[in-house]
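Colleague: One structure, as structure tokens, below. Some questions next.
2 protein chains.
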Amino acid sequence: MRYDPRMSAGTKDPLGAQDPLGALYRPIAADLSKVEDEIARMTTSRSAPLQALLDHVGRFAGKRLRPALTLLAGRMCGGVRPAHHTVGAIVELIHTATLVHDDILDESRMRRRVETVNHGVGTETAVLLGDYLFATTFKEAAALEDRFSSRYLAEIVGIVCSGEILQVHHRHDLLMEEATYFRIIEAKTASLYAAALRCGAQCAGGDRATGEALASFGRQVGSAFQIRDDVLDLTGSEDAVGKSLGTDLEKAKFTLPLLRLRDRASATDRRSFDKILLSDDPEERRTILAMLEEYGAIESALKTASALVASARAELGRLPESPERALLAETATYMLSRNR
Amino acid sequence: MRYDPRMSAGTKDPLGAQDPLGALYRPIAADLSKVEDEIARMTTSRSAPLQALLDHVGRFAGKRLRPALTLLAGRMCGGVRPAHHTVGAIVELIHTATLVHDDILDESRMRRRVETVNHGVGTETAVLLGDYLFATTFKEAAALEDRFSSRYLAEIVGIVCSGEILQVHHRHDLLMEEATYFRIIEAKTASLYAAALRCGAQCAGGDRATGEALASFGRQVGSAFQIRDDVLDLTGSEDAVGKSLGTDLEKAKFTLPLLRLRDRASATDRRSFDKILLSDDPEERRTILAMLEEYGAIESALKTASALVASARAELGRLPESPERALLAETATYMLSRNR
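And the structure:
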């Protein structure tokens, strides 16, 4: 996965002029480039067919939010060291591996405007490539000098998977509780944000209380990120978001907006909601979108995301003031505005 | 995954009266039971849906060959310690995780007389469950006191996956070289045997030379095991072997017997061989079986397996004589006779 460093999130605003992340990341641009170097090193193989696949996956390169959090946590706790570039690359590749496997589960065809591995090369290869990427992260985590981070990162993938398994288990579960939704997104998404920050603090020699406060910040921000993602899956345009959308409805996954709609709908609407959720008709999507609007379900979900971001920012308030703390706070707010 | 300890390989000969492994394992039966305890501990989850899946996978419990090798290596190098039970459970679960994902690739329906996860519960769940099992092994490997084993085991999964990726890449490749076949099976199968022995030696405080000799033994025995497996896929009966067979032909995977046939066939037979390999007609399997017989291709592949076992046993000859060395030698020979 060789990225042109000029394309990395911090240096040239590949996210578009309106995206505030480019500016946010300017202070950590040099370190983000070193994270890219680590990602490139970890995704280099002597096997030509494997290298071709790794190069393909390199084109999914996203906003590098997680490594940015690792670097900011490092700066807050005593400074960025080489281990931070490695940890940042590890969390990014764990994320990438989950994307490759998620696209199989969702039967997605497009990811960041690039054909998914399952759609382009086949499910078999996508299974193995995801495994290989996970394995790479384990190898790299095992090689870290800091055993705390080594063990912490080794545990994260299991937590992410258990969240995904719970989600698959509750598909078509019309009675799923909201608490289950939050358990799912905390495990499958927020735990990796927490890890990015916790290990960033640890590798800089930060104290435990600071590390835990940053992890808690990450957990809430990560949950807000996922809620926004779930909203985009329902209301976004594939063109703007750059990936297959509508898969939650298609797979009858109960995300927060759908749960809010279910709990607010009149008895009649609830009956048609249940019916549509269990049907296979993609045309019914429009009916659900109208209902989401009518009952303010999207708005309600976004309010919850806002509350999580506010609480995450409050968590930061317990830490000493610094430019990095301000950047983390702004990153949290970004989670609410992003539209891809 | 809770096994009745009486069902574990060493204690009650669950392999049937004719199977020699039960007798072979008698001296390590108590330690194999402790490996089962470790497997049970690692596959216990507080999540009910996940536990149900882990219990299902527990029913795939096989011959426990790999943990047995870890224990025998430990005994040869100073004695079995608690770490050996953990390492034995880790290598067995890495193996289990690969089986869960292999069954997706092969679209298998049956594994050790039990419905596969992909066929019984679905591909999505099989992807995630395999990931979860891999993640469990990483977490456990990261927690080992012995950092050598911790890092060695973290690297193995990547090697196994790269072998599988190479195999998928060379499907339908009528010109695949035999050297590529050996690269594939060494990575996807033999490397885990080598790891079981190498880490078994290491955790007992064995010296490097002994560890490397045992790893080399394992690599050759593991390759012989895979050749035997590839022969069984062509000639075995599903009833005796207890799993879906014929998938190599179906998926146009060039295993050693097929390569030997290809290289021995007359020009006319070679043309029909090529045609059948690329066709989707399961009826053609019988033609291939007759050709394998006619050209002595199965026999030729088994001869290579025999040579590998002889060379593996010679490797053992460089180590001091002991009851464990004799057991390892017998295990090597078992690889040639097994019919499931």
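Which chain is which? The protein sequence lines are A and B, in order. Residue numbers for the first sequence follow my numbering, beginning at 114 and rising by one. Residue numbers for the second sequence follow my numbering, beginning at 114 and rising by one. Virtual Cβ for every residue (Gly too), placed ideally from N, Cα, C.
I think A:Val213 touches A:Leu163, with their Cβ atoms under 8 Å apart; what is that distance to the nearest whole Å?
Modeller: Locating residue 213 of chain A in the first sequence gives position 100, counting from the first residue. Locating residue 163 of chain A in the first sequence gives position 50, counting from the first residue. With 8 Å as the limit, A:Val213 and A:Leu163 do not qualify as a contact, their Cβ atoms being about 13 Å apart.
Colleague: Verify whether the separation of the beta carbon atoms of B:Ala255 and A:Ala307 is less than 9 Å.
Modeller: As a first step, residue 255 of chain B is located in the second sequence; it is residue number 142 there, counting from the start. As a first step, residue 307 of chain A is located in the first sequence; it is residue number 194 there, counting from the start. No, they are not a contact pair.
Colleague: Using only the alpha-carbon positions, how far apart do B:Arg451 and B:Gly276 sit?
Modeller: Numbered from its first residue, the second sequence carries residue 451 of chain B at position 338. Numbered from its first residue, the second sequence carries residue 276 of chain B at position 163. Cα to Cα, B:Arg451 sits roughly 24 Å from B:Gly276.
Colleague: For A:Lys301, report the span of its alpha helix (DSSP H) as first-last.
Modeller: Stepping through the first sequence from its first residue, residue 301 of chain A is reached at position 188. From DSSP, A:Lys301 is part of no alpha helix (DSSP H); its letter is neither H nor E.
Colleague: Select from B:Leu347, B:Thr209, B:Phe330 the residue whose C-alpha is nearest the C-alpha of B:Glu428.
Modeller: As a working note, residue 428 of chain B is residue 315 in the second sequence. Here the closest residue by C-alpha is B:Phe330.
Colleague: Under a Cβ-count criterion, where at least 16 other Cβ atoms within 10 Å of its own Cβ denotes burial, should A:Leu347 be classed as buried or exposed?
Modeller: Here the question's residue 347 of chain A lines up with position 234 in the first sequence. Classification for A:Leu347: buried.
Colleague: Nearest chain A C-beta to B:Ala255 closer than 9 Å, yes or no?
Modeller: As a working note, residue 255 of chain B is residue 142 in the second sequence. For B:Ala255, the answer is yes, since a Cβ of chain A falls inside 9 Å of its Cβ.
Colleague: Where A:Tyr294 and B:Glu151 are concerned, what is the direct C-alpha to C-alpha distance, given to the nearest angstrom?
Modeller: For the purposes of this step, residue 294 of chain A is taken as residue 181 along the first sequence, with counting starting at 1. For the purposes of this step, residue 151 of chain B is taken as residue 38 along the second sequence, with counting starting at 1. C-alpha separation (whole angstroms): 32 Å.
Colleague: By the three-class DSSP mapping on this structure, what secondary structure does A:His282 have?
Modeller: As a working mapping, residue 282 of chain A is identified with position 169 in the first sequence. Note: A:His282 maps to helix in three-state DSSP.
Colleague: Going along chain A in order, which residues have a C-beta closer than 7 Å to the C-beta of B:His214?
Modeller: By one-based count along the second sequence, residue 214 of chain B stands at place 101. What B:His214 touches in chain A: Val240, Asp244.
Colleague: DSSP state of B:Tyr408, grouped into three classes?
Modeller: Numbered from 1 along the second sequence, position 295 holds the residue referred to as residue 408 of chain B. Three-state result, B:Tyr408: coil.
Colleague: Mark A:Gly187 as exposed unless 16 or more other C-beta atoms lie within 10 angstroms of its C-beta, in which case mark it buried.
Modeller: Against the first sequence, residue 187 of chain A aligns to sequence position 74. Answer is buried; the Cβ neighbour count reaches 16.
Colleague: Identify each residue in the stretch 274-299 of chain A for which the Cβ-Cβ distance to at least one residue of chain B is less than 7 Å, and report them in chain order.
Modeller: Taking 7 Å as the Cβ-Cβ cut-off against chain B, the residues of the stretch 274-299 of chain A that qualify are Cys274, Ser275, Glu277, Ile278, Leu279, Val281, His282.
Colleague: Give every residue of the same chain whose Cβ lies closer than 6 Å to the Cβ of B:Gly271, excluding the five residues on either side of it in the sequence, and list them in chain order.
Modeller: For the purposes of this step, residue 271 of chain B is taken as residue 158 along the second sequence, with counting starting at 1. There are no such residues.
Colleague: Which class does B:Met120 belong to by DSSP, given the choice of helix, strand or coil?
Modeller: Numbered from 1 along the second sequence, position 7 holds the residue referred to as residue 120 of chain B. The predicted position of B:Met120 is uncertain, since its pLDDT is 38 and thus under 50; no value can be drawn from it.
Colleague: Candidates A:His169, A:Glu290, A:Leu345, A:His285: which alpha carbon is nearest A:Ile389's?
Modeller: Locating residue 389 of chain A in the first sequence gives position 276, where the first residue counts as 1. Nearest of A:His169, A:Glu290, A:Leu345, A:His285 to A:Ile389, Cα basis: A:His285.
Colleague: Within the 9 Å Cβ cut-off, does A:Gly359 reach chain B?
Modeller: On the first sequence, residue 359 of chain A is found 246 positions in, with the first residue counted as 1. No, because no Cβ of chain B sits closer than 9 Å to the Cβ of A:Gly359.
Colleague: Just confirm the distance between the C-beta atoms of A:Thr381 and A:Gly335, as a whole number of angstroms; I'd bet it's less than 8 Å.
Modeller: In the first sequence, the residue the question calls residue 381 of chain A occupies position 268. In the first sequence, the residue the question calls residue 335 of chain A occupies position 222. Between A:Gly335 and A:Thr381 the Cβ distance is about 37 Å, and since that is not below 8 Å, they are no contact.
Colleague: So what does DSSP say about A:Asp394, is it helix, strand or coil?
Modeller: Along the first sequence, read from residue 1 onward, the residue named residue 394 of chain A stands at position 281. Here A:Asp394 sits in coil by DSSP.
Colleague: Give, in chain order, every residue of the stretch 146-167 of chain B whose Cβ lies closer than 8 Å to some Cβ of chain A.
Modeller: Answer in chain order: Ser158, Ser160, Pro162, Leu163, Leu166.
Colleague: For the candidate residues A:Thr183, A:His169, A:Gly175, A:Ser424, whose alpha-carbon lies nearest to that of A:Ile141?
Modeller: Position 28 of the first sequence, counted from the start, is the residue given in the question as residue 141 of chain A. Measuring from the Cα of A:Ile141, the nearest candidate turns out to be A:Thr183.
Colleague: If you check the beta carbons only, do B:Ile217 and A:Val240 fall under 9 Å apart?
Modeller: Taking the second sequence and counting its residues from 1, one reaches residue 217 of chain B at position 104. Taking the first sequence and counting its residues from 1, one reaches residue 240 of chain A at position 127. Yes.
Colleague: Going along the chain, which residues of its own chain have a beta-carbon closer than 7 Å to the beta-carbon of B:Gly359, five neighbours each way excluded?
Modeller: Taking the second sequence and counting its residues from 1, one reaches residue 359 of chain B at position 246. If we look at B:Gly359 and ignore the five residues flanking it on each side, its Cβ neighbours are Asp346, Arg398.
Colleague: So with CB distances below 8 Å, who are the chain A contacts of B:Ile217?
Modeller: Residue mapping note: residue 217 of chain B aligns to position 104 of the second sequence, counting from 1. Here the neighbours are Thr236, Glu237, Val240.
Colleague: Pull up the distance between the alpha-carbon of A:Leu432 and that of A:Ile411, whole angstroms please.
Modeller: Here residue 432 of chain A is taken as the residue at index 319 of the first sequence, counted from 1. Here residue 411 of chain A is taken as the residue at index 298 of the first sequence, counted from 1. Those two C-alpha atoms are separated by around 33 Å.
Colleague: Can you look up A:Ala136 in the DSSP assignment and give me helix, strand or coil?
Modeller: Locating residue 136 of chain A in the first sequence gives position 23, counting from the first residue. Three-state result, A:Ala136: helix.
Colleague: Please identify the residue among B:Ser435, B:Ile207, B:Asp168 whose C-alpha is closest to the C-alpha of B:Pro180.
Modeller: Locating residue 180 of chain B in the second sequence gives position 67, counting from the first residue. It is B:Ile207 whose Cα lies nearest to the Cα of B:Pro180.
Colleague: Does DSSP put B:Leu365 in a helix, a strand or coil?
Modeller: Locating residue 365 of chain B in the second sequence gives position 252, counting from the first residue. Here the sequence assigns Ala to residue 365 of chain B, which means Leu is not the residue at that position. Reduced to three states, the DSSP call for B:Ala365 is coil.
Colleague: 9 Å is my cut-off, CB to CB: does B:Lys366 come that close to chain A?
Modeller: Counting from one through the second sequence, the residue named residue 366 of chain B turns up at place 253. No, B:Lys366 does not count as interfacial toward chain A.
Colleague: By the 10 Å Cβ neighbour count, where 16 or more other Cβ atoms means buried, how is A:Ala136 classified, buried or exposed?
Modeller: Numbered from 1 along the first sequence, position 23 holds the residue referred to as residue 136 of chain A. Result: exposed.
Colleague: Listing by chain order, which chain A residues have their CB less than 8 Å from the CB of B:Lys388?
Modeller: Taking the first residue of the second sequence as position 1, residue 388 of chain B is located at position 275. Chain A residues near B:Lys388: none, gap ~23 Å exceeds 8 Å.
Colleague: Classify A:Glu437 as buried or exposed, calling it buried when 16 or more other Cβ atoms lie within 10 Å of its own Cβ.
Modeller: Indexing the first sequence from 1 puts residue 437 of chain A at position 324. Classification of A:Glu437: buried, given that the 10 Å Cβ count is 16 or more.
Colleague: Tell me, please, whether the CB atom of B:Gly171 is closer than 9 Å to any CB atom in chain A?
Modeller: The sequence position of residue 171 of chain B within the second sequence is 58, counting from 1. So no, B:Gly171 is outside the interface.
Colleague: Of the residues that make up the stretch 319-332 of chain B, which ones have a beta carbon closer than 7 Å to any beta carbon in chain A?
Modeller: For the stretch 319-332 of chain B, which is checked against every Cβ of chain A, not one residue is closer than 7 Å.
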